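J.: Numbering (the numbering used here), first residue to last: 5 to 262.
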Amino acid sequence: MSLTINSFGNNSIYSLFGGSNSLGVSSMFGGLEGSLSSLSQIKSGSYGKLVKSYYAKYDNEGNLKSDASKKAKAADSNLSEIRNDTADLSKATDKLLAKGKNSIWNEVETTDEDGNTTKDYDRDAIYKAVNDFAEKYNELVDSGQKSKNTGILTQVAAMVTNSAKTAPTLGKAGITIDSNNHLHVDEDFLKNKANMTYVKDLFNGTGSYAYQTATKSSMANSYASNELTNLTGRKSYTNTGDYSLSADDMISKFNTQT
């Protein structure tokens, strides 16, 4: 059987050396141009650089190398701690700021053994609430100062500065500030010697010391939440308890990392 070329037309020649003819038949050399282009990229080192850059982040078992992994985990852990601490401080402050029937600043009547009735603040309840506020404040000072986020550091620093400025009034409530910027509440002084008018002014009402502290704490919480989103790409929880990650997020993170 012999091969003749008399019947070859334009489509036949294009089909042999081109991409595809009018009938959609692939060329026997189809893809050759693409292969040569890929070969050129390989020779130039483009693929090699990409592969090396990608695998340089992982060890032989396919895990992120320890330094990068530890730094990422440490940052994530600190931000989560800050979010928890700001949430705890917010709850402690809410109790101090509460008004109406739930307010700890409502005076209560007490009757002694002789039947004498007096009306005064519930100093035990007030001490517990103020001391809880101080403890949660101290925890945020400790976790916040370890952060590398400028926004968080700014808010925690402003919180500490405001406490220092308010120190004279805090002292009238039996509250002192140590060298670590921690608040300490003298139980005996607050319960038995402090003027409750000063104490109430400090911890109750818009513009009070407690209110200003809570505002700065809330801002620190916002910065921590945003930073966590930037680190993890997580937007919301799924029905399995994990975070969802959109395609745009994954593409963005891929482009950033590669």
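Glycine included, C-beta positions come from ideal geometry on N, C-alpha and C. Treat the numbers as computed from the prediction; the structure is a model and nothing was measured.
1) Using a Cβ-Cβ cut-off of 6 angstroms (strictly less than) and excluding sequence neighbours within five positions of residue 109, which residues of its own chain qualify?
2) Under DSSP, the beta strand (DSSP E) around residue 124 begins and ends at which residues?
3) In terms of DSSP beta bridges, what is residue 114 paired with?
4) Should residue 145 and residue 185 be called a contact, given that it needs their Cβ atoms to be closer than 7 angstroms?
5) CB residue 93 to CB residue 214, shorter than 7 angstroms?
6) My understanding is that residue 91 touches residue 148, with C-beta atoms under 8 angstroms, so please give their C-beta distance in whole angstroms.
7) If I follow the unbroken beta strand (DSSP E) through residue 179, where does it start and stop?
8) Can you list, in chain order, the residues of its chain with a C-beta nearer than 6 angstroms to that of residue 188? Leave out the 5 residues immediately preceding and following it.
9) As a quick exercise: from 219, 235, 210, pick the residue whose alpha carbon is nearest that of residue 102.
10) Measure the alpha-carbon distance for residue 202 versus residue 107 and round it to whole angstroms.
11) From 206, 183, 178, pick the residue whose C-alpha is nearest to that of residue 196; which is it?
12) Taking contact to mean 3 or more Cβ pairs, one atom from each stretch, closer than 8 angstroms, check whether the segment 224-235 and the segment 149-159 are in contact.
13) Please report the distance separating the alpha-carbon of residue 137 from that of residue 119.
14) To the nearest angstrom, how far is it from the Cα of residue 218 to the Cα of residue 134?
15) The ligand SAH and residue 114: does any heavy atom of the ligand fall closer than 6 angstroms to the residue's C-beta?
16) So what does residue 189 bridge to, in DSSP terms?
17) Starting from residue 165 and walking both ways along the alpha helix (DSSP H), at which residues does that stretch end?
18) Run through DSSP, which three-state label would residue 233 get?
19) For the putative contact between residue 113 and residue 123, defined by C-beta atoms under 8 angstroms, what is the C-beta separation to the nearest angstrom?
20) For residue 220 versus residue 162, is the C-beta spacing smaller than 7 angstroms?
21) For residue 239, count neighbouring Cβ atoms within 10 angstroms of its own Cβ and tell me buried if that reaches 16, exposed if not.
22) Kindly indicate which three-state DSSP category residue 108 falls into: helix, strand or coil?
T.: This is what the structure gives:
1) The residue labelled residue 109 in the question sits at position 105 within the sequence shown. Taken in chain order, the residues that qualify are 204, 208.
2) Mapped onto the sequence shown, residue 124 falls at position 120. 121-124 is the extent of the beta strand (DSSP E) around residue 124.
3) Numbered from 1 along the sequence shown, position 110 holds the residue referred to as residue 114. Beta-bridge annotation (DSSP): residue 114 is paired with 122.
4) In the sequence shown, counting from the first residue as 1, residue 145 sits at position 141. In the sequence shown, counting from the first residue as 1, residue 185 sits at position 181. Result yes, Cβ atoms of residue 145 and residue 185 sit closer than 7 angstroms.
5) Position 89 of the sequence shown, counted from the start, is the residue given in the question as residue 93. Position 210 of the sequence shown, counted from the start, is the residue given in the question as residue 214. In this structure, residue 214 does not lie closer than 7 angstroms to residue 93 by Cβ.
6) Against the sequence shown, residue 91 aligns to sequence position 87. Against the sequence shown, residue 148 aligns to sequence position 144. Residue 91 to residue 148, Cβ: 13 angstroms. No contact.
7) Numbered from 1 along the sequence shown, position 175 holds the residue referred to as residue 179. Segment 179-181, the beta strand (DSSP E) holding residue 179.
8) Residue numbering aside, residue 188 sits at position 184 when the sequence shown is read from its first letter. Closer than 6 angstroms at Cβ, skipping near neighbours: 180.
9) Counting from 1 along the sequence shown, the entry for residue 102 is found at position 98. Nearest option by C-alpha distance: 210.
10) Within the sequence shown, numbered from 1, the residue matching residue 202 stands at position 198. Within the sequence shown, numbered from 1, the residue matching residue 107 stands at position 103. So the alpha carbons of these two residues sit roughly 16 angstroms apart.
11) Counting from one through the sequence shown, the residue named residue 196 turns up at place 192. Taking only the C-alpha atoms, the option nearest residue 196 is 178.
12) yes
13) Here residue 137 refers to the residue found at position 133 of the sequence shown. Here residue 119 refers to the residue found at position 115 of the sequence shown. Residue 137 and residue 119 have their C-alpha atoms some 35 angstroms from each other.
14) Translated into positions along the sequence shown, residue 218 becomes position 214. Translated into positions along the sequence shown, residue 134 becomes position 130. So the two alpha carbons sit approximately 13 angstroms from each other.
15) Annotation note on the ligand SAH: not contained in the displayed structure, which lists no ligands.
16) Sequence index remark: in the sequence shown, residue 189 carries index 185 (1-based). Paired residues: 179.
17) Your numbering for residue 165 matches position 161 in the sequence shown. Residues 154-169.
18) What you label residue 233 is simply residue 229 of the sequence shown in a count that begins at 1. Residue 233 falls in the helix class under three-state DSSP.
19) For this step, residue 113 is matched to residue 109 along the sequence shown. For this step, residue 123 is matched to residue 119 along the sequence shown. Yes, residue 113 and residue 123 are in contact; Cβ-Cβ is about 5 angstroms, under 8 angstroms.
20) What you label residue 220 is simply residue 216 of the sequence shown in a count that begins at 1. What you label residue 162 is simply residue 158 of the sequence shown in a count that begins at 1. Yes, the Cβ-Cβ distance between residue 220 and residue 162 is below 7 angstroms.
21) Residue 239 sits at position 235 when you count from the first residue of the sequence shown. Caution applies to residue 239, whose pLDDT of 47 falls short of 50 and renders its modelled position unreliable; the model cannot decide the point.
22) Your numbering for residue 108 matches position 104 in the sequence shown. The answer is coil: DSSP assigns residue 108 none of H, G, I, E or B.
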